[in-house]
Amino acid sequence: MSSDTSNTTGWPDELDALLSAPEHHKLLMENDFVRVIDTLIPPGEVTNVHTHKWPASLYVISWSDFIRYDAKGNIIVDSRNFLQTPLPSSAIWSEALQPHALENIGESEIHIISVESKTLIDDAQH
């Protein structure tokens, strides 16, 4: 997957996950350093196009196969092609994510707690 996430300041605020896809993203906590989001996508659902402008540590509660589409509807990730699938109670890393939509194509919920690191992007852009 190729995506330029080196400068997220050009991404419109209205595409933020909490604003653009609130039915799938819930704010748990936020301060100057981190933002913690609970993401829940039931089987068969597709999120609205949204962004995650900060890199994040992701805690996997439950996993399901998904397809990630870019803002134009092109497939950029199909999790069925992953060599290894994250297990429940595992943690993974995600860089900032450009405008995208996510479709849960599996039989389980996608349930992730994201701890977005605001200072990593802010420090890199200054």
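The opening residue of the sequence shown carries number 35 in my numbering; numbering runs sequentially from there. Every residue, glycine too, gets a C-beta built ideally from N, C-alpha and C.
Helix, strand or coil for residue i per DSSP?
i           : result
residue 152 : helix
residue 125 : strand
residue 50  : strand
residue 108 : coil
residue 142 : coil
residue 160 : Caution is warranted here: a pLDDT of 49 is assigned to residue 160, below 50, making its placement in the model unreliable, and no coordinate value can be reported.
So, does the CB of residue i fall closer than 9 Å to a CB anywhere in chain D?
i           : result
residue 133 : Absent here is chain D; the protein component of the structure consists of one chain.
Considering only residues of the same chain and omitting the five flanking positions on each side of residue i, which have a CB-CB separation below 8 Å?
i          : result
residue 96 : 122, 142, 143, 144, 145
Does the distance from the CB of residue i to the CB of residue j come in under 9 Å?
i           : j           : result
residue 69  : residue 148 : yes
residue 136 : residue 71  : no
How far does the beta strand (DSSP E) with residue i in it extend, from its first residue to its last?
i           : result
residue 104 : 100-104
residue 130 : Segment: none, residue 130 is in no beta strand (DSSP E) and carries neither H nor E.
Can you list the beta strand (DSSP E) stretches of 3 or more residues lying completely in the region 61-94, in chain order? 68-75, 84-86
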